[in-house]
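Visitor:
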Amino acid sequence: MLSASDLVGEDGTTVPILILSPLGVRPGDQNRGIGIALTRAALDLADARSEPLVIVQGHPDYYPRFGFVRGRTIGVLPPEHLGAIDKAWMVRRRPRAFEAIRGRVVYSQPFIDLDD
Ligand SMILES: CC(C)(COP(=O)(O)OP(=O)(O)OC[C@H]1O[C@@H](n2cnc3c(N)ncnc32)[C@H](O)[C@@H]1OP(=O)(O)O)[C@@H](O)C(=O)NCCC(=O)NCCS
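Counting in numbering that gives the first Met the number 0, the sequence shown runs without a single skipped number right up to 115 at its last residue.
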């Protein structure tokens, strides 16, 4: 699923972004290409929209194949309540979105409520 969220820049500017979450393949069906197909389909949908970034919090060895990089390396920080999760915090810029967008992600309320 692609979920709506926001990136808040140092100057307070808010940019709508997308989170690739949740994503899951039942254990008995894993390693058959389903996760890759689901992720590619989601990213095709994301690329057809205007949001410049897709965030994922997931396996660091899995998502680079789709163009995800560690968020901190390009100045896209996780929500403060998530703490230090460097390896798992990844970001993919929409192709041809060259502007350097930096800031901290603020999850939408349904995601925050899951932490309670
Ligand atoms: C991560 C997940 C979505 C992958 O889906 P999948 O259908 O099993 O994966 P696919 O069959 O499409 O892809 C297989 C490839 O991914 C790799 N892979 C699968 N699970 C992996 C994992 N947990 N970590 C790293 N690589 C993984 C396989 O080694 C394989 O690599 P290869 O193509 O180089 O041989 C699935 O394992 C899952 O649902 N995990 C539990 C929930 C989860 O972690 N969701 C992601 C958090 S947002």
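Glycine included, each C-beta is placed from N, C-alpha and C at the ideal position.
In this text the structure is predicted, and so the values were computed from the model without any measurement.
Looking at the structure shown, is Gly119 part of a helix, part of a strand, or coil, going by DSSP?
Guide: An answer regarding residue 119 cannot be provided, because it is not within the stretch 0 to 115 covered by the chain.
Visitor: Return the residue from the list His80, Glu98 and Val75 that minimises the CA-CA distance to Val90.
Guide: The shortest C-alpha separation from Val90 is found at Val75.
Visitor: Here's the rule: buried if 16 or more other CB atoms are within 10 angstroms of the residue's CB, otherwise exposed. What is Ser158?
Guide: Residue 158 falls outside the range modelled here, since the chain spans only 0 to 115, and no answer is possible.
Visitor: Within a Cβ cutoff of 6 Å, which residues of the same chain sit near Tyr62, ignoring the five residues on either side of it in sequence?
Guide: Contacts found: Val55 and Met89.
Visitor: Quick check on Leu95: does DSSP put it in helix, strand or coil?
Guide: For the record, residue 95 in the displayed sequence is Arg; it is not Leu. In the structure shown, Arg95 sits in coil (DSSP, three-state: anything other than H, G, I, E or B).
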